[in-house]
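In the working numbering, the protein residues as written are 5 to 923. Beta carbons: idealized from backbone N, C-alpha and C, even for Gly. All values reported here derive from a predicted model rather than from experimental measurement. Have a look at the structure below, then the notes.
Structure follows, in structure tokens:
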């Protein structure tokens, strides 16, 4: 398939694909097993396929669907999410993903997916997922309404699922009379036939019809003696009937098949308890509690569980959630000092030092033997700006824990803050030898932190007189000199430290910092590379290198360095936000999307992240998502006029008329810059086709501010919007000649849209000066093809200096060579596929090139991968039919062609269809 200009904006980096033909062969076998409902065999073949090629998307998607049918929810979620992230078409994949999420009670994730794909809201499957979410959130009436709406539009398979879900809901509502009609309407040979029997048995049990329930379970076991639900159900019914020996036999049979299932263990324990063996029952229950942190419900309120859950929240910086759990723990276990400690820390993180103070004092009262509690109390006092209390606490701590280095350092720092420098020095010089030396180095840095340069200089001098064999002493001396603005002296000290230890990190970083201050980029990068030789993943060095690369204008290098950072380290979120900005600037949308999703999970509310995601949504043409994020940003930036101007620009580009009008009104209320607001108002008038109003605004701005290029450019937009192309050309031609800006070239091309010759000339002139402009190359080739000049388009691609490096050019040239040189087309398509192995159009071209070259089996595997990502492509379906015909599978080929019967076809597609129908 020929990639058009828009496809230039999509570039996916991926690993090379190996053994695709083998992976495809396993996948085809799995499809056959799946059609026969042999799920275990299908799963094995799919895992074999992925073992051959982990990136083979059809196998990944189908494995997720098979695991979903097997009830392996978490694994199904993982595989389906991988398929979605890998580029599979969202519909119907997202519905299976939501099923897996709902089975795990991940309602927030389901709500996120529903909000993410509003374009499918009219589909009955989408309505079903909304109903299931309402049910999971105990919003039963809303769920019922949606079930009934979706049922009226659903096909037979989906209708079975809707009836089953509605029947489950009626069971929760105890509306028992409405359940049997729903269950009886579900097809017995469908996917929900067995589930309907399970639910009917459950209804019988609720209505005390145990014999009827037992009959259903026995029928199910006759069909499959490993049916886990039927085995458990049978044991429960026998237990309720008082047939303990039979029940015990049933549960033992179950546990032999499923030894680690906690539900089976619970029932087994209950049966053993009924037989009087309390000791064994207690042992089994403890084992269950170790396995489960959510069963039984009261286990959630055990002291250790509550504290652990709160600690995990705190470690993830979810302080409000931690406080909720800790408040509950405080009521249940008021004597636990760790509860008070963690509450104090949580409130301190939220900036509520007053509340933190009370919990800190109580924690110290409960456990005065923990030195960490003194440090916490001192931190709270410091946050309250109470140096006297801080010093008193640390003095007590130093008396109690004189050997604790953390206490010692904090105490000295507090002494310095309270202008007791002599006492701090006395404290640190009480003991001689190496320990005294280390303490004096600490003193020197504390003096630097307090701005006591003279004292720090004296400390460094004393240390140098006593010992010149320690890198730490020269480092301190260099830092003092740098702080005193003596760069040459600082450099001498740092170099002396490196003479003692060539890889000493602080001195290398300090030398790099000095070099950057003097714009000596090469020396700075040399120091950084020396550090990376020792630790290739050093986050500080990688960030500094990225910063240096950006100063040199080398964005790809900066991206490379930032990509090496640990994705799970929350401290690196700001650096990864910078990486997200670079992705947006370089149009790496796939990478930007993945990173934005990671950052959303890892961070709290961040205006920068919301703004980046809004711009990403706009670049992906997801205007609904851009509008949603813009509404959030409006509230966050309500009083910041300079950010509201950025928001208004975004809203204009996303065609959010009402949103930008509200933002402009707020800017006027804030007395924002008149010229900026005026231009934004003119752009809004253009968007709303109020051309006269917009031109008046521009005339007014010109009268007060004079002629400016921005005004001429916006005027040209008004002319273009009204079809006044020549008037636009009159403005844009001199503007482009003066600026040479590509943006003005694109506008000029649009103004010349009725003159193909002029467009070709403009593009030829531009490419003569900018031969590496990918967009211009593709646009000119497209114009040549439209003009019926495919030979010239081929020549343009072949002569482009970008051909060897740009997959989209290789792909498009391969398409043009299909009929004249299929072997060369295959070489080009293969090269494009190696660079962009997940791009659907490139997969289509490569797969069809293999088919044209007589390698139909391998080609079909590649085309199947493309189909998962782009299921609605007519041309792709035609290519699959061609592959099936070559493989002597005519019935399958006919079935594919039959599906295209009522689809609109282009001239090229119609020609290929007619050729295939003749075969």
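Simplified DSSP assignment, three categories, for residue i
| i | result |
| --- | --- |
| residue 208 | helix |
| residue 301 | Any reading at residue 301 needs caution, since the residue's pLDDT is 49, under 50, leaving its predicted position unreliable; the model's value is listed next. If DSSP states are grouped into helix, strand and coil, residue 301 belongs with the helices. |
| residue 456 | coil |
| residue 289 | Residue placement at residue 289 is flagged as unreliable, the pLDDT there being 44, under the threshold of 50; the coordinate-derived value follows with that caveat. In the structure shown, residue 289 sits in a helix (DSSP, three-state: H, G or I). |
| residue 912 | helix |
| residue 692 | coil |
| residue 266 | Residue placement at residue 266 cannot be trusted, given a pLDDT of 46 that sits under 50; what the coordinates show is reported in the next sentence. Residue 266 falls in the helix class under three-state DSSP. |
| residue 405 | coil |
| residue 625 | coil |
| residue 366 | helix |
| residue 280 | Only weak support is given to the placement of residue 280: the predicted model assigns it a pLDDT of 48, under 50, and the value that follows is read from those uncertain coordinates. The answer is coil: DSSP assigns residue 280 none of H, G, I, E or B. |
| residue 785 | helix |
| residue 10 | The predicted model places residue 10 with a pLDDT of 32, which falls under 50 and marks its position as unreliable, so this point remains unresolved. |
| residue 507 | coil |
| residue 715 | helix |
| residue 224 | helix |
| residue 646 | helix |
| residue 294 | For residue 294, the predicted structure reports a pLDDT of 48, less than 50, and the residue's modelled location is therefore unreliable. A value from the coordinates is still provided. The answer is helix: DSSP assigns residue 294 an H, G or I state. |
| residue 149 | helix |
Where the alpha helix (DSSP H) through residue i begins and ends
| i | result |
| --- | --- |
| residue 840 | It is not in any alpha helix (DSSP H) - residue 840 carries neither H nor E in the DSSP assignment. |
| residue 815 | 811 to 821 |
| residue 482 | 475 to 487 |
| residue 116 | 111 to 120 |
| residue 661 | 661 to 673 |
| residue 82 | 77 to 90 |
| residue 765 | 760 to 773 |
| residue 587 | 577 to 589 |
| residue 52 | 43 to 56 |
| residue 181 | Run containing residue 181: none; DSSP gives neither H nor E here. |
| residue 337 | From DSSP, residue 337 is part of no alpha helix (DSSP H); its letter is neither H nor E. |
| residue 229 | Per DSSP, residue 229 belongs to no alpha helix (DSSP H) and is neither H nor E. |
| residue 894 | 894 to 903 |
| residue 525 | 525 to 538 |
| residue 743 | 729 to 743 |
Under 8 angstroms between C-beta atoms of residue i and residue j
| i | j | result |
| --- | --- | --- |
| residue 323 | residue 354 | yes |
| residue 927 | residue 547 | Residue 927 is absent from the structure shown; the chain starts at 5 and stops at 923. |
| residue 58 | residue 31 | no |
| residue 620 | residue 594 | no |
| residue 672 | residue 664 | no |
| residue 211 | residue 180 | yes |
| residue 907 | residue 878 | yes |
| residue 798 | residue 820 | yes |
| residue 401 | residue 416 | no |
| residue 961 | residue 850 | No answer is possible for residue 961: the residues shown for the chain start at 5 and end at 923. |
| residue 186 | residue 170 | yes |
| residue 326 | residue 346 | yes |
| residue 739 | residue 762 | no |
| residue 519 | residue 528 | yes |
| residue 382 | residue 341 | no |
| residue 135 | residue 121 | no |
| residue 140 | residue 106 | yes |
| residue 541 | residue 571 | no |
| residue 586 | residue 559 | yes |
Residue from the options whose Cα sits closest to the Cα of residue i
| i | options | result |
| --- | --- | --- |
| residue 823 | 846, 795, 811 and 836 | 795 |
| residue 87 | 211, 389 and 872 | 872 |
| residue 584 | 566, 572, 54 and 574 | 566 |
| residue 564 | 574, 550 and 575 | 550 |
| residue 487 | 472, 474, 460 and 187 | 460 |
| residue 183 | 203, 196, 197 and 164 | 203 |
| residue 901 | 166, 892 and 881 | 881 |
| residue 544 | 205, 719 and 514 | 514 |
| residue 71 | 40, 94 and 103 | 103 |
| residue 43 | 64, 74, 97 and 653 | 74 |
| residue 115 | 101, 652 and 574 | 101 |
| residue 165 | 191, 174 and 642 | 191 |
Below-8 angstroms beta-carbon distance, residue i vs any chain C residue
| i | result |
| --- | --- |
| residue 253 | Considering every chain present, this structure includes no chain C. It has just one protein chain. |
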